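Quick note: the sequence shown uses this note's numbering, first residue 96, plus one each step.
Just so you know, even glycine gets a beta-carbon here, dropped at the ideal spot from N, CA and C.
Bear in mind that the values here come from a model prediction, so they are computed numbers and not experimental data.
Everything on this sheet refers to the single structure shown next.
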Amino acid sequence: MNSTKQSITEALKKAGYNARQVSVRNRNGGYSSSLTITIRDASVNYEVVEQIGKNHKHVHYDEHSGEILSGGNTFVETDYTDQVRDIWAKKYSPLVDDAIVQLVDDNAGIRIDDRFTIFKDGRNNYKIWDEYDSWLPMHYYNPRDIAVDLYIRSTFTESNVTQTAVDRYWFRVIRGDEKSWKDSAGEYNTTAMGEAAAEHFHCKSENGDTDAEKNIFDWAVLFAERLPKAA
96 MNSTKQSITE ALKKAGYNAR QVSVRNRNGG YSSSLTITIR DASVNYEVVE
146 QIGKNHKHVH YDEHSGEILS GGNTFVETDY TDQVRDIWAK KYSPLVDDAI
196 VQLVDDNAGI RIDDRFTIFK DGRNNYKIWD EYDSWLPMHY YNPRDIAVDL
246 YIRSTFTESN VTQTAVDRYW FRVIRGDEKS WKDSAGEYNT TAMGEAAAEH
296 FHCKSENGDT DAEKNIFDWA VLFAERLPKA A
């Protein structure tokens, strides 16, 4: 067995997945190798499998041009079966289809849910705004592909919330009510700001000690420092 394939298989087993749930196929091409990890069970966490693939991907680039050098590269792709795709699409397909029907022009987006907003991107294409981050890198044609990608993002083991997204949320709330999170002395309560943001971005835990929450509380302090001081 190819050593990289074996290493990936062992990592998948350690993550709790067997060969019936996730398969690994190796294709040698010249002096480089290419592997495809295929998810065959809809209960498998895409993020976990994709990260295992990334951990085994090794690509050499020219330091000046940035082009991929030939030979010695290991490419790893994460894929899933049509059956898994259909199951993952079920949650968001009705929401995406309903939003698309309501789209009128390129400038007016329609909310899919409290996190994702869809926009027209030309005649038959679409783009997605993610409240937790920014624009998704893909430009979509097939609504089913949108539904699958949104499902995958919504099942990440920990919310991938960016500082920019959290800052946007705080600015939006304060713009609506400048007294939000202010105490009697006119100072901003960064703990309350952090708790509100964690709840808004669906990453609030019982103890408030996840990595995502710790980041948010740190960002709250930095955000408050940039706001006008009380007179």
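Coarse secondary structure for E162, derived from DSSP in three states:
Against the sequence shown, residue 162 aligns to sequence position 67. Here E162 sits in coil by DSSP.
Is there contact between the region 214-221 and the region 253-263, where contact requires at least three CB pairs shorter than 8 Å?
Two segments are said to touch when three or more pairs of C-beta atoms, one from each, lie closer than 8 Å; by this definition the region 214-221 does not touch the region 253-263.
When the Cα atoms are used, what is the spatial distance from Y236 to N113?
To locate residue 236, count along the sequence shown from 1; it is residue 141. To locate residue 113, count along the sequence shown from 1; it is residue 18. Those two C-alpha atoms are separated by around 34 Å.
Within its chain, find whatever has a CB closer than 7 Å to the CB of N168; leave out the 5 residues flanking it on each side and keep chain order.
Within the sequence shown, numbered from 1, the residue matching residue 168 stands at position 73. Counting only Cβ-Cβ distances below 7 Å, and skipping sequence neighbours, we find S127, H153, V154, H155.
Considering Y175, what are the terminal residues of the beta strand (DSSP E) in which it resides?
Walking along the sequence shown from the start, residue 175 turns up at place 80. Run containing Y175: 169-175, per the beta strand (DSSP E) assignment.
Secondary structure of V139, DSSP reduced to three states:
In the sequence shown, counting from the first residue as 1, residue 139 sits at position 44. Residue state, collapsed to three classes: coil.
With distances taken Cα to Cα, identify the nearest neighbour of H151 among R135, E105, D177.
Translated into the one-based positions of the sequence shown, residue 151 becomes position 56. The shortest CA-to-CA distance from H151 to any of R135, E105, D177 is the one to E105.
Outcome for R115 when other beta-carbon atoms lying within 10 angstroms are tallied against a minimum of 16:
Along the sequence shown, one-based indexing puts residue 115 at 20. Exposed, because fewer than 16 other Cβ atoms sit within 10 Å of the Cβ of R115.
Can you look up R180 in the DSSP assignment and give me helix, strand or coil?
Reading the sequence shown from its first residue, position 85 is the one you call residue 180. Under the three-state reduction of DSSP, R180 is assigned to helix.
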